[in-house]
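J.: For the sequence shown, my numbering gives the first residue as 20, with consecutive numbering after it. Sharing a structure with you now.
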Amino acid sequence: MTDLSLQCDCGALKGTVKNVSPKKGNHMVCYCDDCQGFAKYIGNEEKWLDEFGGTDLFQLAPSQVEIHQGTDQLRCMRMTPKGVYRFYTACCHSPIVNTISRKMPFAGIPLTALQGEGKDAAVGPVKCYVMGKFAKGTPPTYPHPKFSFASLVAVMSFMLKNKIQGNNVPTPFFNDNGQAVAKPDKRD
20 MTDLSLQCDC GALKGTVKNV SPKKGNHMVC YCDDCQGFAK YIGNEEKWLD
70 EFGGTDLFQL APSQVEIHQG TDQLRCMRMT PKGVYRFYTA CCHSPIVNTI
120 SRKMPFAGIP LTALQGEGKD AAVGPVKCYV MGKFAKGTPP TYPHPKFSFA
170 SLVAVMSFML KNKIQGNNVP TPFFNDNGQA VAKPDKRD
């Protein structure tokens, strides 16, 4: 297992993602319209999405994430009132994490926010390509239109195991009352 650096593009926010390995998380590419809408919202879509509109993510437990500097730069938005919390930085509008709630052991970190020796080996190969119905063009590895059975099993078993182990906390993204550390932006 490898510890990787977590940081925004300009370096104002820095942290560590601990114990990263293909067995401790899921490397996936998501083509959903919410991920694409989020990239458009924070700007510079070409930087955050691949040429087919995919977001390269590593899903891990929130307890594996520590932020050492720049928590004041964290901002949050939700594409819908009950949607995923999408954290980014105010300084350079870098995506940092997609997460569900304090209770759920899910933190999807864009690979653009991870750095460190051995990053590719630590996250491993892509396990699944999801929400392909929103892909732009035809990706070389055909994504499932929604979620394949294998991708559902990977995500659900990951979340169940981490929930049982209590790995949803501590989390740098929600306070003890379950509120996001940055109030979600209102979308127009």
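Glycine included, every Cβ here is placed at the ideal spot set by N, Cα and C.
In the DSSP assignment, find the unbroken beta strand (DSSP E) run with residue 75 in it and report its ends.
T.: Numbered from 1 along the sequence shown, position 56 holds the residue referred to as residue 75. First-last of the beta strand (DSSP E) with residue 75: 74 to 79.
J.: If you follow the alpha helix (DSSP H) that residue 47 is in, where does it begin and where does it stop?
T.: Counted from its first residue, the sequence shown places residue 47 at position 28. From DSSP, residue 47 is part of no alpha helix (DSSP H) but of the beta strand (DSSP E) over 45 to 49.
J.: Would residue 203 pass as a contact of residue 110 if the rule is Cβ separation under 7 Å?
T.: Sequence index remark: in the sequence shown, residue 203 carries index 184 (1-based). Sequence index remark: in the sequence shown, residue 110 carries index 91 (1-based). Result no, Cβ atoms of residue 203 and residue 110 do not sit closer than 7 Å.
J.: Answer with buried or exposed for residue 92, where buried requires no fewer than 16 other C-beta atoms within 10 angstroms of its C-beta.
T.: Sequence index remark: in the sequence shown, residue 92 carries index 73 (1-based). By the 10 Å Cβ count, residue 92 comes out buried.
J.: In the DSSP assignment, find the alpha helix (DSSP H) that holds residue 139 and state where it starts and stops.
T.: Looking up residue 139 in the sequence shown gives position 120. From DSSP, the alpha helix (DSSP H) with residue 139 extends over 138 to 142.
J.: Would you mind sorting residue 134 into buried or exposed? The rule is 16 or more other CB atoms within 10 Å of its CB.
T.: As a first step, residue 134 is located in the sequence shown; it is residue number 115 there, counting from the start. Exposed, since its Cβ has fewer than 16 Cβ neighbours within 10 Å.
J.: What does the alpha-carbon distance come out to for the pair residue 59 and residue 130?
T.: Your numbering for residue 59 matches position 40 in the sequence shown. Your numbering for residue 130 matches position 111 in the sequence shown. When rounded, the distance between both Cα atoms is 17 Å.
J.: Based on the DSSP output, what are the partners of residue 102 in its beta bridges?
T.: Residue 102 sits at position 83 when you count from the first residue of the sequence shown. According to DSSP, residue 102 bridges with nothing at all.
J.: Note down, in chain order, each residue of its chain lying with its Cβ closer than 7 Å to the Cβ of residue 141, except the 5 sequence neighbours on either side.
T.: By one-based count along the sequence shown, residue 141 stands at place 122. For residue 141, where only same-chain residues beyond five positions count, the Cβ hits under 7 Å are 21, 23, 39, 40.
J.: Within 10 Å of its beta-carbon, does residue 103 have 16 or more other beta-carbons around it, so buried, or fewer, so exposed?
T.: Here residue 103 corresponds to residue number 84 of the sequence shown, with the count starting at 1. With 16 or more other Cβ atoms within 10 Å, it is buried.
J.: Could you tell me the distance, in whole angstroms, from the CA atom of residue 146 to the CA atom of residue 201?
T.: Stepping through the sequence shown from its first residue, residue 146 is reached at position 127. Stepping through the sequence shown from its first residue, residue 201 is reached at position 182. Going by the C-alpha atoms only, they are around 31 Å apart.
J.: Could you tell me if residue 87 is buried or exposed, where buried requires 16 or more neighbouring beta carbons within 10 angstroms of its beta carbon?
T.: Position 68 of the sequence shown, counting from 1, holds the residue named residue 87. With fewer than 16 Cβ atoms within 10 Å of its Cβ, residue 87 is classed as exposed.
J.: Leaving out the 5 sequence neighbours to the left and right, which residues in its chain are closer than 8 Å to residue 197 when beta-carbon positions are compared?
T.: The residue given as residue 197 occupies position 178 in the sequence shown. Closer than 8 Å at Cβ, skipping near neighbours: 120, 121, 122.
J.: Taking one C-beta from the stretch 167 to 177 and one from the stretch 55 to 71 each time, how about it: are there three or more such pairs within less than 8 Å?
T.: no
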